[in-house]
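K.L.:
Residue numbers (this note's numbering): 24 to 497. Think of the CB as a built atom: it goes at the ideal place given N, C-alpha and C, for glycine as much as any other residue. Computed from a prediction, not measured in an experiment: that's the story for all the values here. Before I ask anything, here is the structure I am working with.
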Ligand SMILES: Cc1cc2nc3c(=O)[nH]c(=O)nc-3n(C[C@H](O)[C@H](O)[C@H](O)COP(=O)(O)OP(=O)(O)OC[C@H]3O[C@@H](n4cnc5c(N)ncnc54)[C@H](O)[C@@H]3O)c2cc1C
């Protein structure tokens, strides 16, 4: 295969690495992919946490190389751009013009293609659904069919499979998305401190009804009467005010990876205590710049290094409304039982707006996100437990945040995964796909999955599970 000849280190935000992968330019993909046996995967900006954005021993298509805005309609907010553009660049262009992306994740450094391929969600899922809801059409390059324009009416099956398709249906070259009109990029934020998890569930629905954005930070280390205490943070765009589109530069950057993560034990508990008390009792309002509201973590460069040399494991599950309070409690208790505290714990309610994507993660219910330093087998055992609790509560586990999701968890979370596999571009595959769905013939020659459970058959299987801990009564 033609490539740049360079062996580039492709990694994910959680620290997984595509060993032996080589870089492929988007321009080369078309020609190279026609050669038999070629295996590739688009790579955006590596802000996925696990291995769904990686292909060990394969060609990683550097989507970031093409990042131009192609057209913008100031009347309708329709923006056409190359898929390698970052959401930060879209905000910088659109903000001063009074327009804003309808869905934003917790970092602005993700590409348009990555946002579509993972069908990301934001703090306003209850109002706007996922990112894919706002995609009008996209241009897909496939190794077997060439360049196709896909929309709800043209190649509709590929459109639905590509949104949430984790890069497996082909390379998204361009996309047209619908922005929303805003009076200002500034956010009127209200923070309400609550003392118990139950208080959050009493407030969550009303917060969603009243506000464009709503999310909670949970002190996942608090126990007893304070279990699940935290802050409910709501926001709406200011009706008028500044229209800045450029976030402030980072206040600091983590220069290197410490040998042991400081985000554990007493330091973590102390951080949570201080952070909890930072908000005074009651509800407080203020107007904040957009980057402080949406992307607080972006203010510290390479913060993921703080999780230590083995990286960071994030777990995100969504649990249907009826089991939300019990399920979320069980997930936090499970982390306690395993003696592993989550540094950053975020709780949010997803609304009912359906995604156009056939394997979209976001669906109605409560979604809890937990972050742990990777401590090897101990953390993997915890993740398995969290998966089990989520699945038993009728929920689903997020694949692009996960390091080692089993085939069974994936298949239960995404019943239409075979439809995606049927529409998969046969030149495209990922380490994640090979581990959960793929067949042995496509298994990478060299892989960094040293800690992955052995997986010789690649048929769907129920992984061996550790003894249940704190099984919730659903
Ligand atoms: C601090 C932080 C906060 C986050 N908060 C959220 C959040 O609130 N909500 C949320 O949903 N996610 C969140 N994420 C995850 C992140 O938004 C997604 O993983 C996003 O998809 C990453 O985009 P990326 O451009 O880095 O793509 P990558 O991680 O490089 O790739 C993501 C997937 O997209 C595919 N892909 C990339 N480009 C293309 C293309 N041109 N054509 C086809 N496929 C392509 C890749 O193959 C891969 O499967 C967060 C991540 C971080 C680090």
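1. Cβ of residue 136 within 6 Å of any heavy atom in ligand 1?
2. For ligand 1, is there a heavy atom less than 6 Å away from the beta-carbon of residue 75?
3. How would you write the range of the beta strand (DSSP E) that residue 22 sits in, first residue to last?
4. Excluding the 5 residues flanking residue 37 on each side, which residues of the same chain have their C-beta closer than 7 Å to its C-beta?
5. Kindly provide the ranges of any alpha helix (DSSP H) runs that are 4 or more residues long and lie completely inside the segment 42-80, ordered along the chain.
6. Smallest Cα separation from residue 208: which of 410, 317, 392?
7. Verify the contact flag: residue 504, CB atom, against every heavy atom of ligand 1, threshold strictly below 6 Å.
8. To the nearest angstrom, how far is it from the Cα of residue 161 to the Cα of residue 176?
9. Identify which residue in 281, 234, 250, 414 has its Cα closest to the Cα of residue 328.
10. If you follow the alpha helix (DSSP H) that residue 363 is part of, which residue opens it and which one closes it?
11. Would you mind sorting residue 290 into buried or exposed? The rule is 16 or more other CB atoms within 10 Å of its CB.
12. Judging by CA-CA distance, which residue of 305, 347, 205, 62 is the nearest neighbour of residue 417?
13. Can you tell me whether DSSP reads residue 244 as helix, strand or coil?
14. According to DSSP, simplified to helix, strand and coil, what is residue 259?
15. Determine the direct distance from the alpha carbon of residue 123 to that of residue 259, and round the result to whole angstroms.
16. Would you call the CB atoms of residue 214 and residue 307 closer than 7 Å?
17. If I'm right that residue 142 touches residue 134 with Cβ under 8 Å, what's the distance once you round it to whole angstroms?
18. Go through its chain and collect everything with a Cβ distance to residue 181's Cβ below 7 Å, but skip five positions before and after it.
19. By DSSP, does residue 122 sit in helix, in strand, or in coil?
20. Would you list the residues sitting across from residue 217 in a DSSP beta bridge?
21. If you measure from the CB of residue 36, is any heavy atom of ligand 1 nearer than 6 Å?
22. Can you tell me whether residue 474 is helix, strand or coil according to DSSP?
23. Verify whether the separation of the beta carbon atoms of residue 16 and residue 52 is less than 7 Å.
24. Helix, strand or coil: how does DSSP classify residue 313 here?
25. Kindly indicate which three-state DSSP category residue 394 falls into: helix, strand or coil?
26. Might you give, ordered along the chain, the residues of its own chain that have their beta carbon closer than 6 Å to the beta carbon of residue 513, omitting 5 neighbours on each side?
27. Are there three or more Cβ pairs, one per stretch, closer than 8 Å when the segment 379-396 is compared with the segment 339-356?
28. Using a Cβ-Cβ cutoff of less than 8 Å, which residues in the same chain neighbour residue 99 once the five nearest sequence positions on both sides are dropped?
29. Buried or exposed, going by whether 16 or more other CB atoms sit within 10 Å of the CB of residue 385?
30. Quick one: grab the DSSP three-state call for residue 325.
31. Can you say whether residue 422 is buried or exposed, counting buried as having 16 or more other CB atoms within 10 angstroms of its CB?
32. Would the beta-carbon of residue 70 be found less than 6 Å away from any heavy atom of ligand 1?
33. Quickly, what does DSSP pair residue 109 with across the bridge? List them, please.
P.N.:
Let's see:
1. Within the chain shown, the letter at position 113 stands for residue 136. Yes - ligand 1 has a heavy atom lying nearer than 6 Å to the Cβ of residue 136.
2. Position 52 of the chain shown, counted from the first residue, corresponds to residue 75. Yes, the Cβ of residue 75 comes within 6 Å of a heavy atom of ligand 1.
3. Any question about residue 22 goes unanswered here, given that the chain covers just 24 to 497.
4. Counting from 1 along the chain shown, the entry for residue 37 is found at position 14. Closer than 7 Å at the Cβ level, and outside the excluded window around residue 37, lie 72, 73, 334, 335, 336, 337, 426.
5. 49-55
6. The residue labelled residue 208 in the question sits at position 185 within the chain shown. Closest by alpha carbon: 317.
7. Shown here, the chain extends from 24 to 497; a query on residue 504 therefore has no answer.
8. The residue given as residue 161 occupies position 138 in the chain shown. The residue given as residue 176 occupies position 153 in the chain shown. Their Cα atoms are separated by approximately 12 Å.
9. In the chain shown, the residue the question calls residue 328 occupies position 305. Considering only alpha carbons, the answer is 281.
10. As a working mapping, residue 363 is identified with position 340 in the chain shown. Where residue 363 is concerned, there is no enclosing alpha helix (DSSP H), given that its DSSP letter is neither H nor E.
11. Taking the chain shown and counting its residues from 1, one reaches residue 290 at position 267. Label assigned to residue 290: exposed.
12. Walking along the chain shown from the start, residue 417 turns up at place 394. Among 305, 347, 205, 62, the Cα nearest to that of residue 417 is on 347.
13. For the purposes of this step, residue 244 is taken as the residue at position 221 of the chain shown. Coil.
14. Taking the chain shown and counting its residues from 1, the one referred to as residue 259 is at position 236. Residue 259: strand per DSSP, three-state reduction.
15. Along the chain shown, one-based indexing puts residue 259 at 236. Along the chain shown, one-based indexing puts residue 123 at 100. Straight-line Cα distance between these residues: approximately 13 Å.
16. Numbered from 1 along the chain shown, position 191 holds the residue referred to as residue 214. Numbered from 1 along the chain shown, position 284 holds the residue referred to as residue 307. Result yes, Cβ atoms of residue 214 and residue 307 sit closer than 7 Å.
17. The residue labelled residue 142 in the question sits at position 119 within the chain shown. The residue labelled residue 134 in the question sits at position 111 within the chain shown. Residue 142 to residue 134, Cβ: 14 Å. No contact.
18. Against the chain shown, residue 181 aligns to sequence position 158. The answer, listed in chain order, is 163, 171, 173, 192, 446.
19. For the purposes of this step, residue 122 is taken as residue 99 along the chain shown, with counting starting at 1. Three-state result, residue 122: strand.
20. Counted from its first residue, the chain shown places residue 217 at position 194. According to DSSP, residue 217 bridges with 253.
21. Position 13 of the chain shown, counted from the first residue, corresponds to residue 36. The nearest non-hydrogen atom of ligand 1 is less than 6 Å from the C-beta of residue 36.
22. Residue mapping note: residue 474 aligns to position 451 of the chain shown, counting from 1. Only weak support is given to the placement of residue 474: the predicted model assigns it a pLDDT of 36, under 50, and the value that follows is read from those uncertain coordinates. In this structure, residue 474 counts as coil in the three-state DSSP scheme.
23. Because residue 16 is not part of the residues shown, which for the chain are 24 to 497, the question remains open.
24. Counting from one through the chain shown, the residue named residue 313 turns up at place 290. Correct three-state label for residue 313: helix.
25. As a first step, residue 394 is located in the chain shown; it is residue number 371 there, counting from the start. Of the three classes helix, strand and coil, the one that applies to residue 394 here is strand, per DSSP.
26. This structure does not reach residue 513, given that the chain is present from 24 up to 497, and the question cannot be answered.
27. As far as the Cβ criterion goes, the segment 379-396 touches the segment 339-356, which means the pair count is three or higher.
28. Reading the chain shown from its first residue, position 76 is the one you call residue 99. Answer for residue 99: 201, listed in chain order.
29. By 1-based counting over the chain shown, the position of residue 385 is 362. Flag for residue 385 reads buried.
30. Mapped onto the chain shown, residue 325 falls at position 302. Coil.
31. Taking the first residue of the chain shown as 1, we reach residue 422 at position 399. Buried, since its Cβ has 16 or more Cβ neighbours within 10 Å.
32. The count along the chain shown starts at 1 and reaches residue 70 at position 47. Under cutoff, so the answer is yes.
33. The count along the chain shown starts at 1 and reaches residue 109 at position 86. DSSP output for residue 109 lists 134 as bridge partner(s).
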